[in-house]
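Numbering (the numbering used here), first residue to last: 2 to 243.
All C-beta atoms in this analysis are idealised placements derived from N, C-alpha and C, irrespective of residue type, glycine included.
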């Protein structure tokens, strides 16, 4: 009888207690997800600020030296701490012009005038984060991007993309079009494009590029859009400096 009485005295959780536990678990999960969203938004905002900083640095350099960084003829006599960077050709273009934003031409961003672009901005005091001015490695001679990987710079001559762009890349050895080597998700790219430009990956001052099957639908320029439901890093951004 003692044993039976003891078993009857044991109690489990009531429905109210279980409900409270479930609510607490839900709040914890919601808080974690919200926190992750805030972190992601902060990284996107930091990336936009980095683009704007490079643009401001480029403009300030031109105002001071009447030349584009990387393209200056007599740079060794005018800008300190640029490593082994040689004089540019002074033709008003940084490096050898590429064609479209989504081709292997971006790989040239790690050599010649394109690499010295960053060294000269840093040497002139307009940009930080360049530790080894003549080394084509992200975080050394090329800046690290706020969303991961790094930045290169390149000129385009093909309409409607003509101009000087700073570009996110996962590796200097791969083009933006290479699958699996991009630096941001389509949703991140779309957020940047909407906040800084027109939200269209194929027009304006922000161009989205990457794994063409998963970054965006660019078949129709007027109605192009990012494939924001994808959570994989299939996109890169090209930001027009001028």
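- Under the DSSP assignment, residue 236 falls in the beta strand (DSSP E) whose first and last residues are 236 to 241.
- In the DSSP assignment, residue 207 falls within the beta strand (DSSP E) that extends over 207 to 211.
- Remark: C-beta atoms of residue 83 and residue 120 approach each other more closely than 8 angstroms.
- Only residues of its own chain outside the window of five on either side were considered, and among them 102, 154, 155, 156, 157, 208, 239, 240, 241 and 242 have a CB closer than 8 angstroms to the CB of residue 166, listed in chain order.
- Taking C-beta atoms as the reference points, residue 70 and residue 118 count as a pair closer than 8 angstroms.
- In this structure, DSSP gives residue 145 an extended state, which the three-state scheme calls strand.
- For residue 188, the closest alpha carbon among the candidates 62, 138, 211 and 61 is that of 211.
- For the set 198, 142, 61 and 205, the Cα lying nearest the Cα of residue 126 is the one of 61.
- Here residue 172 is not near residue 237, since their CB atoms are 8 angstroms or more apart.
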